[in-house]
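Numbering (the numbering used here), first residue to last: 2 to 67. C-beta atoms are modelled at their ideal positions from N, C-alpha and C, and glycine is treated no differently. This structure is a prediction, so every number in the text was calculated from the model and none was measured. First comes the structure, then the notes that go with it.
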């Protein structure tokens, strides 16, 4: 993948790098936004989703099953 063939996902300018799973330019704001959407420094989208709350019902194992 050649980032110079893409536009920045945030500002629309010419992308210069592929970072945090996005084609982005060198602007600090675009880099920070891509990092935050990916889950923060060293983070991942699954980690970000984990902090969003439960997405499925969990079973109370203290209850008896029918």
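Cβ pair residue i, residue j closer than 7 Å
| i | j | result |
| --- | --- | --- |
| residue 18 | residue 4 | yes |
| residue 8 | residue 16 | yes |
Supposed close pair residue i, residue j - CB separation, criterion 8 Å
| i | j | result |
| --- | --- | --- |
| residue 20 | residue 10 | That pair is no contact at about 10 Å. |
| residue 38 | residue 26 | Actually they are not in contact, since the Cβ atoms of residue 38 and residue 26 sit about 15 Å apart, beyond 8 Å. |
Alpha-carbon spacing of residue i relative to residue j, whole angstroms
| i | j | result |
| --- | --- | --- |
| residue 31 | residue 12 | 7 Å |
| residue 2 | residue 33 | 22 Å |
| residue 40 | residue 6 | 26 Å |
Per DSSP, cross-strand counterpart(s) of residue i
| i | result |
| --- | --- |
| residue 19 | 24 |
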